[in-house]
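Before any comments, here is the structure.
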Amino acid sequence: MSAPLLDIEVRAKTFGAATVLQNIALSMAAGEIVSLVGASGCGKSTLLRIVAGLETQYQGRILLGGQPLTGLSRDVGFIFQEPRLFPWLTVAQNVAFSAGPQGAFDPRVAQLLAEVGLAGLADALPKQLSGGQAQRVAIARGLFDQPRLLLLDEPFSAVDAFTRMHLQDMLLAIAQRHGTTLLLVTHDIDEAVYLADRVWVFDSKPGRLSADIAVSLPQPRQRDAQALAQCRADVLHALQAVHAI
Amino acid sequence: MSANPLMLSSGDALQGSAPFSGRLTPSGQHAGESVASAAHAVQADAPPPLRPVRSLPGVGLIIPLLVLALGEMAPRLGWVSPNLLPPPSAVLQTLFDLGPLTLATHVGASAARVAAGFALGAALAVGIGALVGLSRLGERLLAPSFQALRAIPSLAWVPLLLLWLGIDEAPKIVLIAIGAFFPVYMGVSSGFRDVDRKLVEVARMARLSPLALARRVLLPAALPAVLTGLRNGLSLAWMFMVAAELIAASRGLGYLLTDGRETSRADIVLAAILLLALLGKLTDSAMQWLERRLLSWRDTFDGGHA
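If you read the protein sequences in the order shown, they are chains A and B. Positions 2 to 246 (this note's numbering) are the ones given, in order, by the first sequence. Positions 795 to 1100 (this note's numbering) are the ones given, in order, by the second sequence.
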């Protein structure tokens, strides 16, 4: 295997007396999609925040393309559980937020909005959007800086099941087109196996890797495929083994 | 059928039941009206229907008009002495008699004091409120002192202001500034502190500099609270202007109030009150208009049905 895009080494991360993460050594290849699952409080969101550079107090190091990541980087994007749009900015201004007030005129904004299926809503305000539309804007914003790695923290947990499936397919198509590497925290086992090349199952207290399950099925996948159901069962058993369910 | 719709017998319950549709009893149903009663039964199961909000133009004028009519009648019918409560027409006549030049002098003097005092107080409040709201050190350093100062009723400063600054314009403007300061200070400092941490995190991911964070995220997010503070500060500025002018003034609406009392002219007092009401309403409407313009992005409850 070629040099990994992302190399995570977290020897320990503590909050006060509690050790949240311990002895984590993981890596991802460029273009890979990995789902991270585990019980609530197993530190998976904390790991995501460490990789993003939002959390800097930990023992270990993160390498992106062989270079140490010491803080926030243009190469790493983050999509939160909630859309977190700025309500006083239009959709276009939200997408191009990192480029400053003039960024909304960047031609990439219209292109990204078309990709997430929101062409024509550039001048709308967030209050005019549905929950699914707002999360699409958040995804467009996460991609605006063309990050090599996109981190997603339960990005579709707040939308209804049908919208979720649409957004999952949209995310896969966009990631493929842009060659973006995705690391996704989710509570949804179906989502984990449908999207990912690998599923990392985390044990808790302290959080650590318990199983690394490959989903060796080519994209695009059929949601009702037998092989996918087998992977789903594997993840389920791994979660049972760590008493997450 | 009863001719009086208010007299509900079981027989005419359906016809007269529009306001009572939720409480229809089986005794109100007749065989021949089964279709209609079925419709009512559906309504009875549903939650009470949401009444469409009618615009009802002029509904807010009912009470003022009643009060005006009563105020006009009471002195004319001899219920109260016209010296104590002059009828509205007499108050208007007084305004007319004072003449546009005199009125403009008094209104102009008062408005200028409010403008100067409010500008001074609000500018200081925005600066200090921003320091307290944006910096933890600023908060530790300044907030306790200003909390203590806020506890002092602002009018308690009057004797000191008179001692220090004389009875000219300076003490009036400073008193108005003190009155306007605290609502604005509270709005600004709490406005910054109430900004959603989640939005700040998005700004961090976009690698904003501290200055850009303040300008592009914290300021717009705090703007609703800041504008509310400014609006409250402005209405307090009017109030403290009257207090300052009641103490010592030779021009202004507060002077008109004092003058009316000293010459036992209730009509002049009421004329000054009317002018204060109009000016206060005018500036508050201007602030409201500004609020609506600047905060049109807000997704908030507007008093109608959600």
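Where is the CB? At the ideal position from N, CA and C, for every residue including glycine.
Sequence-distant Cβ neighbours of residue 933 (chain B) in its own chain, meaning closer than 7 Å and more than five residues away, are 926. Listed as beta-bridge partners of residue 16 (chain A) by DSSP are A:19. Taking a C-beta cut-off of 8 Å against chain B, the contacting residues of the segment 37 to 53 of chain A are 53, listed in chain order.
Residue 996 (chain B) reaches chain A at 85, counting residues in chain order whose Cβ is nearer than 7 Å. Within its own chain, the residues whose Cβ lies closer than 6 Å to the Cβ of residue 181 (chain A), once the five positions on either side in sequence are excluded, are 151, listed in chain order. Residue A:11 holds the alpha-carbon nearest to the alpha-carbon of residue 69 (chain A) among A:11, A:220, A:244. Here the alpha carbon of residue 167 (chain A) sits roughly 32 Å from the alpha carbon of residue 63 (chain A).
For the C-beta of residue 156 (chain A), not a single chain B residue is nearer than 9 Å; the gap to the nearest is close to 14 Å.
The C-beta of residue 150 (chain A) comes no closer than 7 Å to any C-beta of chain B.
Beta-carbon to beta-carbon, residue 236 (chain A) and residue 193 (chain A) are separated by about 6 Å, close enough to satisfy the 8 Å threshold. With respect to the C-alpha of residue 1073 (chain B), the residue from B:1053, B:1044, B:1054, B:1030 having the closest C-alpha is B:1030. Shown in chain order are the members of the segment 53 to 86 of chain A whose Cβ falls below 9 Å from a Cβ of chain B: 53, 54, 55, 72, 73, 74, 75, 77, 78, 79, 81, 83, 85, 86. Judged by their CB atoms, residue 183 (chain A) and residue 34 (chain A) are nearer to each other than the 7 Å cut-off.
Membership of residue 60 (chain A) in the beta strand (DSSP E) is indicated by the continuous run 60 to 65. In the three-state reduction of the DSSP assignment, residue 56 (chain A) falls in the coil class, being assigned neither a helical nor a strand state. Contact check for residue 77 (chain A) and residue 47 (chain A): beta-carbon distance about 16 Å, past the 8 Å limit, so the pair fails to qualify. Within the same chain, 194, 197, 198, 199, 200, 232 come within 7 Å of residue 216 (chain A) by CB-CB distance, once the 5 residues on both sides are set aside.
Taking 7 Å as the cut-off, the beta carbon of residue 96 (chain A) is found no closer than this to the beta carbon of residue 137 (chain A).
Residue range 77 to 80 is occupied by the beta strand (DSSP E) that includes residue 78 (chain A). With fewer than 16 other Cβ atoms inside 10 Å of its own Cβ, residue 1044 (chain B) counts as exposed.
Around residue 1000 (chain B), the beta-carbon contacts reaching into chain A at under 7 Å are 98, 99. At a C-beta separation below 7 Å, residue 89 (chain A) has these neighbours in chain B: 1014, 1091.
In the three-state DSSP reduction, residue 870 (chain B) falls in the helix class (H, G or I).
Residue 990 (chain B) carries a coil assignment under DSSP once its states are collapsed to helix, strand and coil. For the segment 193 to 222 of chain A, there are no residues whose beta carbon sits under 9 Å from a beta carbon of chain B. Closest by C-alpha distance to residue 65 (chain A), out of A:5, A:90, A:213, A:240, is A:5.
For residue 211 (chain A), the enclosing beta strand (DSSP E) starts and ends at 209 to 215. Along the length of the segment 159 to 222 of chain A, whole alpha helix (DSSP H) runs at least 4 residues long occupy 162 to 179, 190 to 196, reported in chain order. Under the 7 Å criterion on CB atoms, residue 126 (chain A) is classed as interfacial with respect to chain B. Close to chain A, meaning a Cβ-Cβ distance shorter than 9 Å, is no residue of the segment 1021 to 1051 of chain B at all.
Using a Cβ distance threshold of 7 Å, residue 919 (chain B) and residue 975 (chain B) count as a contacting pair. Under the three-pair Cβ rule at 8 Å, the segment 1034 to 1053 of chain B counts as touching the segment 898 to 907 of chain B. By the C-beta density criterion, residue 175 (chain A) is buried, having at least 16 other C-beta atoms within 10 angstroms. If you look at residue 34 (chain A), you'll find it in the beta strand (DSSP E) that goes 34 to 39. Ranked by how close their Cα comes to the Cα of residue 185 (chain A), the residues A:24, A:53, A:23 have A:53 in first place.
With a threshold of 16 other beta carbon atoms within 10 Å, residue 187 (chain A) meets it and is buried.
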